[in-house]
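Residue numbers (our numbering): 394 to 572.
The beta-carbon is built from N, C-alpha and C at its ideal position, and this holds for glycine as well.
Keep in mind it's a predicted model, so treat the numbers as computed, not measured.
Below you'll find the structure, written out as structure tokens, and then a few comments.
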Amino acid sequence: MRKGRGRPVEKSLGLVEVRGLSCAIEVADAMVKAANVVLDELEAARGNGMMTVKVRGDVGAVRAAVEAGKVTASSYGALVSAHVIARPHEMTGTCFVHHESQRQGPDHNAVCPEGKETEETEKPEPAASQPVPPPKKARRTRRLRMAGKAKQSVTPAAEGPAPDTTGSETPSGHSSEET
Numbered sequence: 394m395r396k397g398r399g400r401p402v403e404k405s406l407g408l409v410e411v412r413g414l415s416c417a418i419e420v421a422d423a424m425v426k427a428a429n430v431v432l433d434e435l436e437a438a439r440g441n442g443m444m445t446v447k448v449r450g451d452v453g454a455v456r457a458a459v460e461a462g463k464v465t466a467s468s469y470g471a472l473v474s475a476h477v478i479a480r481p482h483e484m485t486g487t488c489f490v491h492h493e494s495q496r497q498g499p500d501h502n503a504v505c506p507e508g509k510e511t512e513e514t515e516k517p518e519p520a521a522s523q524p525v526p527p528p529k530k531a532r533r534t535r536r537l538r539m540a541g542k543a544k545q546s547v548t549p550a551a552e553g554p555a556p557d558t559t560g561s562e563t564p565s566g567h568s569s570e571e572t
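Right, here's the structure in full:
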């Protein structure tokens, strides 16, 4: 007689943990193509960019798929770990494989319940008599840099007629025309 409260799951569970989403997608593709398995989930870990690829199927197919996933992940240098659970208990499957219907969180595709269709979702429009202020301009926070240039002070020009620069001599006494 078997100990435990549930019956064993007929399918095996295969797990391959890798670094990076693109590698996880490649591994999942290789696993599904290598054997007759069903891709259960691509689960993101909480840090370091690690992803877990979960497949299920017959024991032999899952082992072959996990081996194919290990080879693919190793070629990228992103393999963290891989494991096959041959006959997981039914509670193991429900704890670690989350299907869309079991996920927690808001359902963004749900239809509004009747009676509360637009009461809470509509925002009151501003009255026409109240003018809407124009958006403020963003302040420029970075200073302009003058790399390698000395700051030059600009002195205002003296009032009066501009000096005559069309003459034949410059202020130093040399002729402006070359000889």
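Do you know how far the Cα of residue j is from the Cα of residue i?
i	j	result
residue 351	residue 459	For the chain, the structure presents residues 394 to 572; residue 351 sits outside this window and is missing.
residue 455	residue 466	16 Å
residue 473	residue 426	21 Å
residue 418	residue 404	22 Å
residue 414	residue 477	21 Å
residue 439	residue 527	42 Å
residue 500	residue 483	Unreliable placement is indicated for residue 500, whose pLDDT of 47 sits below 50; no coordinate value is reported for it.
residue 450	residue 423	15 Å
residue 430	residue 441	28 Å
For residue i, which of the options has the nearest alpha-carbon?
i	options	result
residue 416	471, 477, 475 and 485	471
residue 406	524, 424, 452 and 439	452
residue 443	404, 526, 420 and 479	420
residue 412	445, 481 and 529	445
residue 344	469, 482, 462 and 435	A query on residue 344 cannot be resolved here, the shown segment of the chain reaching from 394 to 572 and no further.
residue 464	479, 409 and 431	409
Leaving out the 5 sequence neighbours to the left and right, which residues in its chain are closer than 6 Å to residue i when beta-carbon positions are compared?
i	result
residue 457	427 and 428
residue 479	405 and 452
residue 437	444
residue 524	none
Leaving out the 5 sequence neighbours to the left and right, which residues in its chain are closer than 8 Å to residue i when beta-carbon positions are compared?
i	result
residue 469	411, 413, 416 and 419
For residue i, which residues in the same chain have their Cβ closer than 7 Å to its Cβ, ignoring the five residues on either side in sequence?
i	result
residue 435	417, 421, 444 and 446
residue 433	447, 448, 449 and 490
Checklist line | Uninterrupted alpha helix (DSSP H) stretches inside the stretch 396-452 (no shorter than 4 residues) | finding: Qualifying alpha helix (DSSP H) stretches, in chain order: 414-427.
Checklist line | Contained beta strand (DSSP E) runs [length at least 3] in the stretch 463-488, N- to C-terminal order | finding: Within the stretch 463-488, complete beta strand (DSSP E) segments of at least 3 residues are found at 472-478, given in chain order.
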